[in-house]
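S.K.: Sequential numbering of the sequence shown, starting at 172, is according to our numbering. Even glycine gets a Cβ: it sits at the ideal position worked out from N, Cα and C.
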Amino acid sequence: MPPRTSGQVTPNDAPPLPSQETDKTVNLRPDTLAPGEELTTNQGVTVSDDQNSLKSHVRGPTLLEDILMREKITHFDHERIPERVVHARGAAAHGVFQVYESQAHLTMAAPLQDPAVTTPVFVRFSTVAGSRGSTDTPRDVRGFAVKFYTQDGVWDLVGNNMPVFFIQDANKFPDLIHAVKPEPHNEIPQAQSAHDTFWDFVSLTPESAHMLMWVMSDRALPRSFATMEGFGVHTFRMVNAEGVSRFVKFHWKPLKGVCSLVWEEAQLISGKDPDFNRRDLWESIERGDFPEYELGLQVVEEADEHKFGFDLLDATKLIPEEIVPVVPVGKLTLNRNPDNFFAETEQVAFHTGHVIPGIDFTNDPLLQGRLFSYIDTQLRRVGPNFHELPINRSLRPADNHQRDGFARMTINKGRVSYFPNSLGGGCPMHSPAAAAAFRSVAIKEQAGPKVRERSPSFSDHFSQATQFWNSMSDWEKDHIAAAFAFELNQVVDEVVRDRTMNEILVNIHKDLAAMVSEATGIAISPAGTPEAPTPSAPTPAGPLRKDADKLRSLALSMDKPPPTIKGRKVAVLLGDGVDTGEVEAMLEALSAAALMPETIGPRAGTVAAGDGPMKVNRAAANAPSVVYDAVLVPTGVGPALAAQTLAQRFVHEAWRHGKPIAVASDAEALLKAAGVPTSDDGVTVTAATSLTARLVDDLSRHRFPRRVSVLRPS
Ligand code: HDE
172 MPPRTSGQVT
182 PNDAPPLPSQ
192 ETDKTVNLRP
202 DTLAPGEELT
212 TNQGVTVSDD
222 QNSLKSHVRG
232 PTLLEDILMR
242 EKITHFDHER
252 IPERVVHARG
262 AAAHGVFQVY
272 ESQAHLTMAA
282 PLQDPAVTTP
292 VFVRFSTVAG
302 SRGSTDTPRD
312 VRGFAVKFYT
322 QDGVWDLVGN
332 NMPVFFIQDA
342 NKFPDLIHAV
352 KPEPHNEIPQ
362 AQSAHDTFWD
372 FVSLTPESAH
382 MLMWVMSDRA
392 LPRSFATMEG
402 FGVHTFRMVN
412 AEGVSRFVKF
422 HWKPLKGVCS
432 LVWEEAQLIS
442 GKDPDFNRRD
452 LWESIERGDF
462 PEYELGLQVV
472 EEADEHKFGF
482 DLLDATKLIP
492 EEIVPVVPVG
502 KLTLNRNPDN
512 FFAETEQVAF
522 HTGHVIPGID
532 FTNDPLLQGR
542 LFSYIDTQLR
552 RVGPNFHELP
562 INRSLRPADN
572 HQRDGFARMT
582 INKGRVSYFP
592 NSLGGGCPMH
602 SPAAAAAFRS
612 VAIKEQAGPK
622 VRERSPSFSD
632 HFSQATQFWN
642 SMSDWEKDHI
652 AAAFAFELNQ
662 VVDEVVRDRT
672 MNEILVNIHK
682 DLAAMVSEAT
692 GIAISPAGTP
702 EAPTPSAPTP
712 AGPLRKDADK
722 LRSLALSMDK
732 PPPTIKGRKV
742 AVLLGDGVDT
752 GEVEAMLEAL
762 SAAALMPETI
772 GPRAGTVAAG
782 DGPMKVNRAA
792 ANAPSVVYDA
802 VLVPTGVGPA
812 LAAQTLAQRF
822 VHEAWRHGKP
832 IAVASDAEAL
842 LKAAGVPTSD
852 DGVTVTAATS
862 LTARLVDDLS
872 RHRFPRRVSV
882 LRPS
């Protein structure tokens with residue numbers, strides 16, 4: 172067997188295409204190497220020299236006749252496919268989904284039937300605004316797209332890590348994306364919303380208020396893909412075998428809890444390790460620490476459609492979990508990294524319209540637009556035969572009368588490519604197994620004139636934004652206000668700044684407006700208060716609005732300790748003079764707590780420990796504080812580190828970013844030099860023997876976020 176990396180392996184082990192079931196007899200020459208070992212052209216011709224081009228003489232010009240070089244370079248020139256217009260930067264993994272108990276009473280959807288069945292999945296996480304080579308940690312929404320390869324065909328649940336969206340109608344999507352993308356005259360800034368065109372658009376689009384709250388919260392800065400939630404966003408339908416349809420909202424709940432970075436940390440990571448989230452996903456899968464999520468359902472009977480005070484078809488609204496609980500029904504486990512980024516992560520083609528019997532749509536006008544957009548995008552990006560690529564291929568072989576197109580791989584035999592036919596025995600034909608066929612639910616639509624209008628039931632733009640604010644802890648409010656301030660301080664146009672304050676923020680909450688006003692200098696105009704709205708932003712209607720101050724959904728807050736700290740990275744700062752035994756005991760204790768300790772020395776190689784050289788994992792200049800979750804300083808190294816700027820900065824940053832710090836008693840000077848108050852919560856100075864236990868304990872709180880705020884500079 173040739174090594175897997177050089178083989179022609181179909182990543183999802185899908186059945187071979189008919190074209191691969193070749194009956195050509197290959198008589199390999201006895202002196203050739205095995206497949207995968209010998210260099211050939213794409214036509215299977217053995218390459219004599221792949222490193223030198225063909226020249227007319229040894230110092231002469233290269234010849235047009237050089238078929239070997241021309242084939243190689245031409246292929247290279249065509250290596251890229253158009254990157255996704257949005258969600259261009261992504262990382263993905265294979266895995267499985269397994270339902271806990273049959274949900275047949277709710278849906279026919281194949282993965283939700285039998286707890287004994289595991290459904291293969293491919294999941295792609297992404298940022299939205301940045302291009303493919305941008306950073307993993309901008310302030311942005313994250314895509315959470317799941318492809319289920321089921322016995323009934325492919326089902327794509329193309330969601331985000333936030334439960335609502337900026338706009339209510341798909342027709343506005345190009346405007347939203349043009350506004351948030353780099354500005355067109357100079358293509359600046361990359362992967363950021365902190366610029367004039369974005370705030371110009373959203374300040375003129377009050378329906379984005381709720382989503383703005385999510386994006387300005389730390390939800391936009393996930394610590395890892397394994398610690399963020401996922402949401403289907405729209406209200407979908409689930410249909411059971413009796414044809415009964417119910418509304419459903421899909422949720423992914425990470426078993427590691429929801430944990431985020433803080434803003435300054437995220438910005439620094441963008442420079443120090445732009446692959447931070449993708450690296451974490453890759454490494455955790457490689458070491459067997461598989462990201463896991465529960466699929467949760469919020470189910471609403473059709474008869475209850477209008478009882479919420481907002482419209483279920485409006486994607487800027489969520490159903491509070493306190494009103495309709497999220498019921499966990501199954502588990503998603505990501506357990507295998509892709510073999511090839513391009514073939515799988517880049518060429519995977521999601522489409523909201525890829526559904527299976529048991530899943531159906533609602534009239535959400537955002538969802539309806541997506542049903543058009545995704546197929547259109549895949550045709551443009553990957554081509555009409557995108558479904559034939561291994562990563563997109565249905566487990567159940569596709570069989571129909573569609574033919575040809577660019578890069579067709581299937582070799583359809585025979586002369587029949589139409590239906591009905593008798594020359595092909597009528598095949599392929601409609602399934603006699605009626606239950607297995609996809610049928611749209613026969614929803615009774617209301618009759619009325621065709622209109623280009625928004626339903627009046629979509630007009631309350633602020634109540635749930637207020638609800639989000641009301642549901643936050645103090646530190647979360649602090650971070651949200653700081654994020655708005657950061658963005659608006661970056662906006663140059665005074666009109667845009669003023670409009671955001673006086674037509675959006677004041678309508679969300681007066682405290683938020685006041686905090687942002689203080690940090691940006693944007694005045695709150697008396698005419699712009701919620702009591703006296705300006706004509707362009709009327710006080711929104713809707714039954715929730717009058718009680719908006721009382722709305723709360725504590726499930727929205729991230730102020731909860733994570734259920735596990737497995738996989739968190741701990742920096743152990745070393746230097747000459749450490750005690751090998753002490754450090755080894757610490758590393759052992761940290762590993763026993765399922766943490767990932769890394770030792771950092773002044774240079775790569777070793778430090779001089781008391782009893783000889785001790786190997787370090789990384790050199791200080793290559794190991795920035797921001798990529799760790801906590802810092803540990805053992806005995807014997809503190810006094811020397813206290814005099815080093817790099818070490819001071821390392822510890823100071825960890826403190827600023829709210830991370831647990833535990834240092835041996837002789838390292839107190841390092842904390843002083845770094846400006847870290849030793850009395851602070853999560854800062855420990857103690858005897859080496861109790862250091863690790865304290866650190867593990869503090870880590871179970873993830874961060875000490877009250878330390879962190881751009882509103883409190885220095
Ligand atoms: Fe997308 N979106 N989107 N989107 N979206 C795309 O499809 C679009 C929306 C989401 O990892 C594109 O293959 C429209 C909401 C994810 O490959 C494109 C509208 C949600 C991904 C497209 C929306 C999403 C995409 C670009 C407004 C959360 C990445 C490349 C109606 C529920 C999937 C592509 C992956 C990708 C269109 C709004 C999630 C252009 C028109 C709401 C996770 O087709």
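(1) Hey, Val808 and Phe821: beta-carbon distance below 9 Å or not?
(2) Excluding the 5 residues flanking Phe629 on each side, which residues of the same chain have their C-beta closer than 6 Å to its C-beta?
(3) Quick one: using the 10 Å Cβ neighbour count with 16 as the cut-off for buried, is Phe590 buried or exposed?
(4) Confirm, please, whether the CB-CB distance from Asn641 to Pro121 is below 9 Å.
(5) Take every Cβ of the stretch 818–837, pair it with every Cβ of the stretch 435–451, and state whether three or more of those distances are shorter than 8 Å.
(6) Under 8 Å from any heavy atom of the ligand HDE, does the C-beta of Arg552 make it?
(7) Does the Cβ-Cβ distance between Ser302 and Glu378 come in under 9 Å?
(8) Verify whether the separation of the beta carbon atoms of Arg739 and Met767 is less than 9 Å.
(9) Compute every distance between the C-beta of Ser273 and the non-hydrogen atoms of the ligand HDE, then say whether any falls below 8 Å.
(10) Hey, quick one: how far does the beta strand (DSSP E) through Leu328 stretch, first residue to last?
(11) Assuming Gln638 and Leu725 form a contact by the criterion Cβ under 8 Å, report the distance between their Cβ atoms to the nearest whole angstrom.
(12) Could I get the ranges of all uninterrupted beta strand (DSSP E) runs contained in the stretch 731–776, with 3 residues as the minimum, in chain order?
(13) Kindly give me the distance between the Cβ atoms of Leu538 and Thr523, rounded to whole angstroms, as I take these residues to be in contact under 8 Å.
(14) Rounded to whole angstroms, what is the Cα-Cα separation between Met387 and Ile238?
(15) For the stretch 431–516, which segments carrying the beta strand (DSSP E) assignment without a break, of at least 3 residues, lie completely within its bounds, in sequence order?
(16) Please determine if the stretch 277–288 and the stretch 356–369 are in contact, where contact requires at least 3 C-beta pairs separated by less than 8 Å.
(17) Quick check: does the Cβ of Val834 come within less than 8 Å of any heavy atom belonging to the ligand HDE?
(18) Quick one: grab the DSSP three-state call for Arg295.
(19) Starting from Ala685, trace the alpha helix (DSSP H) in both directions and tell me its first and last residue.
(20) Based on the DSSP output, what are the partners of Lys424 in its beta bridges?
(21) If you follow the beta strand (DSSP E) that Gly585 is part of, which residue opens it and which one closes it?
(22) Beta-carbon within less than 7 Å of Ala578's beta-carbon, same chain only, minus the 5 sequence neighbours each way: which residues are those?
(23) Alpha carbon to alpha carbon, what distance is there between Ala300 and Val257?
(24) By the three-class DSSP mapping on this structure, what secondary structure does Thr278 have?
(25) Can you give me the Cβ contacts of Ser416 inside the same chain, cut-off strictly under 8 Å, excluding the 5 residues immediately before and after it?
(26) Any heavy atom of the ligand HDE closer than 8 Å to the Cβ of Gln549?
(27) Can a CB atom of chain B be found closer than 9 Å to the CB of Arg623?
(28) Report the rounded CA-to-CA distance for Val471 versus Phe402, giving the unit in angstroms.
(29) State buried or exposed for Pro561, treating a residue as buried only when at least 16 other CB atoms are found within 10 Å of its CB.
(30) How long is the line joining the alpha carbons of Gln322 and Val270, rounded to whole angstroms?
(31) Hey, could you find the ends of the alpha helix (DSSP H) Met382 is sitting in?
(32) Among Glu413, Arg564, Leu812 and Gly459, whose alpha-carbon lies nearest the alpha-carbon of Phe319?
(33) Helix, strand or coil: how does DSSP classify Arg567 here?
(34) Give the DSSP-derived three-state secondary structure of Thr289 in the structure shown.
(35) Candidates Glu647, Thr671 and Ala742: which alpha carbon is nearest Lys731's?
(36) Consult DSSP for Arg865 and reduce its assignment to one of helix, strand or coil.
M.R.: Quick answer:
(1) Counting from one through the sequence shown, the residue named residue 808 turns up at place 637. Counting from one through the sequence shown, the residue named residue 821 turns up at place 650. No, these two residues do not count as a Cβ contact at 9 Å.
(2) Sequence index remark: in the sequence shown, residue 629 carries index 458 (1-based). Closer than 6 Å at the Cβ level, and outside the excluded window around Phe629, lie Gln339, Asp482 and Asp485.
(3) Taking the first residue of the sequence shown as 1, we reach residue 590 at position 419. Label assigned to Phe590: exposed.
(4) Beyond the ends of the chain as shown, which are 172 and 885, falls residue 121; an answer cannot be given.
(5) yes
(6) The sequence position of residue 552 within the sequence shown is 381, counting from 1. The answer is yes for Arg552.
(7) Position 131 of the sequence shown holds residue 302. Position 207 of the sequence shown holds residue 378. With a cutoff of 9 Å on beta-carbon distance, Ser302 and Glu378 are scored as not near each other.
(8) For this step, residue 739 is matched to residue 568 along the sequence shown. For this step, residue 767 is matched to residue 596 along the sequence shown. Going by C-beta atoms, Arg739 is nearer than 9 Å to Met767.
(9) Position 102 of the sequence shown, counted from the start, is the residue given in the question as residue 273. Because no heavy atom of the ligand HDE lies under 8 Å away, the Cβ of Ser273 does not count as near it: no.
(10) Within the sequence shown, numbered from 1, the residue matching residue 328 stands at position 157. Run containing Leu328: Gly324 to Asn331, per the beta strand (DSSP E) assignment.
(11) Your numbering for residue 638 matches position 467 in the sequence shown. Your numbering for residue 725 matches position 554 in the sequence shown. At roughly 11 Å, the Cβ-Cβ gap does not stay under 8 Å, so Gln638 and Leu725 are not in contact.
(12) 740–744 and 767–772
(13) Residue numbering aside, residue 538 sits at position 367 when the sequence shown is read from its first letter. Residue numbering aside, residue 523 sits at position 352 when the sequence shown is read from its first letter. Indeed they touch by this definition, with Cβ atoms about 7 Å apart.
(14) The sequence position of residue 387 within the sequence shown is 216, counting from 1. The sequence position of residue 238 within the sequence shown is 67, counting from 1. About 55 Å.
(15) 463–472 and 498–507
(16) no
(17) The sequence position of residue 834 within the sequence shown is 663, counting from 1. Because no heavy atom of the ligand HDE lies under 8 Å away, the Cβ of Val834 does not count as near it: no.
(18) Position 124 of the sequence shown, counting from 1, holds the residue named residue 295. Reduced to three states, the DSSP call for Arg295 is strand.
(19) Along the sequence shown, read from residue 1 onward, the residue named residue 685 stands at position 514. Counting along the chain, the alpha helix (DSSP H) containing Ala685 begins and ends at Lys681 to Thr691.
(20) Numbered from 1 along the sequence shown, position 253 holds the residue referred to as residue 424. DSSP, once it has assigned bridges, lists Glu465 as partnering Lys424.
(21) As a working mapping, residue 585 is identified with position 414 in the sequence shown. Note, Gly585: premise wrong, no beta strand (DSSP E); not H, not E.
(22) To locate residue 578, count along the sequence shown from 1; it is residue 407. Same-chain partners within the cutoff: Gly554 and Asn556.
(23) Reading the sequence shown from its first residue, position 86 is the one you call residue 257. Reading the sequence shown from its first residue, position 129 is the one you call residue 300. If you take the alpha carbons of Val257 and Ala300, they lie about 6 Å apart.
(24) Locating residue 278 in the sequence shown gives position 107, where the first residue counts as 1. Looking at Thr278 - three-state DSSP - the assignment turns out to be coil, as it is neither helix nor strand.
(25) Walking along the sequence shown from the start, residue 416 turns up at place 245. Arg408, Met409, Val410, Glu473, Asp531, Val612 and Ile614.
(26) As a first step, residue 549 is located in the sequence shown; it is residue number 378 there, counting from the start. Result yes, Cβ under 8 Å from the ligand HDE.
(27) No chain B appears in this structure, which consists of one protein chain only.
(28) Translated into positions along the sequence shown, residue 471 becomes position 300. Translated into positions along the sequence shown, residue 402 becomes position 231. Val471 and Phe402: Cα-Cα distance of roughly 16 Å.
(29) Counting from 1 along the sequence shown, the entry for residue 561 is found at position 390. So Pro561 counts as buried.
(30) Start at 1 with the first residue of the sequence shown, and residue 322 comes out as number 151. Start at 1 with the first residue of the sequence shown, and residue 270 comes out as number 99. Roughly 15 Å between the two C-alpha positions.
(31) As a first step, residue 382 is located in the sequence shown; it is residue number 211 there, counting from the start. Looking at the DSSP string, the run of the alpha helix (DSSP H) that includes Met382 is Ala380 to Met387.
(32) Your numbering for residue 319 matches position 148 in the sequence shown. Ranking Glu413, Arg564, Leu812 and Gly459 by Cα distance to Phe319 puts Arg564 first.
(33) For this step, residue 567 is matched to residue 396 along the sequence shown. In the structure shown, Arg567 sits in coil (DSSP, three-state: anything other than H, G, I, E or B).
(34) Residue 289 sits at position 118 when you count from the first residue of the sequence shown. If DSSP states are grouped into helix, strand and coil, Thr289 belongs with the strands.
(35) Along the sequence shown, read from residue 1 onward, the residue named residue 731 stands at position 560. Nearest C-alpha to Lys731: Glu647.
(36) The residue given as residue 865 occupies position 694 in the sequence shown. Here Arg865 sits in helix by DSSP.
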